[in-house]
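Be aware that the sequence shown starts at 122, since it is given in our numbering, and climbs by one per residue.
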Amino acid sequence: MPRHLLESMRGIGTIYAGEVLLRTTTYDLSLWSDDDQPRPEGEVARSIARVEGHIEIGGIAEAIVLAGPSTLTLTLEDGRRLAFELTGTGGGIVGRGWLA
């Protein structure tokens, strides 16, 4: 099944480990869907959407390791918050779900 790009997001956001601010960083994210059903603009089937991308992690790698990968959150410029996991040492990430 082909993937469909639903949204691209670039900007400067903040990374938190739990409630602790680790740093402000740049992000470049894509929201993908495997769903081939058309949807009205702005409507996303969360169960089939996936966020992938990259953040700049220089200087905070040790803090992330100490904090634990299950507590990381990226707050985007527009206020949305994304729980995420690092997928590599270069700053690749995958979203674990949007937070309220």
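Just so you know, even glycine gets a beta-carbon here, dropped at the ideal spot from N, CA and C.
**OP:** Can you say whether Ser168 is buried or exposed, counting buried as having 16 or more other CB atoms within 10 angstroms of its CB?
**Re:** Confidence at Ser168 is low in this model, with a pLDDT of 47, below 50, so its placement is unreliable and the value that follows should be read with caution. With fewer than 16 Cβ atoms within 10 Å of its Cβ, Ser168 is classed as exposed.
**OP:** State the DSSP-derived secondary structure class of Thr192, mapped to helix, strand or coil.
**Re:** The three-state secondary structure of Thr192, taken from DSSP, is helix.
Original post:
From Arg217, Glu140 and Glu173, pick the residue whose C-alpha is nearest to that of Met130; which is it?
Top reply: Nearest C-alpha to Met130: Glu173.
**OP:** Give me the Cα-Cα distance between Thr145 and Asp199, rounded to the nearest whole angstrom.
**Re:** Rounded to whole angstroms, the separation of the alpha carbons of Asp199 and Thr145 is 14 Å.
**OP:** Whole angstroms is fine: what's the gap from Glu177's alpha carbon to His125's?
**Re:** The C-alpha of His125 is placed about 25 Å away from the C-alpha of Glu177.
Subject >> Assigned exposure category for Leu220 - 16 Cβ within 10 Å defines buried >> reply: It is exposed - the Cβ of Leu220 has fewer than 16 other Cβ atoms within 10 Å.
**OP:** Using alpha carbons as the reference points, say which of Ile133, Glu128 and Ala138 lies closest to Thr194.
**Re:** When only C-alpha atoms are compared, the closest one is Ala138.
Subject >> Close-in-space but distant-in-sequence residues of the same chain around Arg171 (CB under 6 Å, 5 per side omitted) >> reply: Exclusion of the five residues before and after Arg171 leaves Trp153 as the residues of its chain whose Cβ lies within less than 6 Å of its Cβ.
Subject >> Reduced DSSP category for Arg217 - H, G, I as helix; E, B as strand; rest coil >> reply: Correct three-state label for Arg217: strand.
Subject >> Candidates Val215, Leu203, Gly209 and Leu150: closest to Gly132 by CA position >> reply: Of the candidates Val215, Leu203, Gly209 and Leu150, the one whose C-alpha sits nearest the C-alpha of Gly132 is Leu150.
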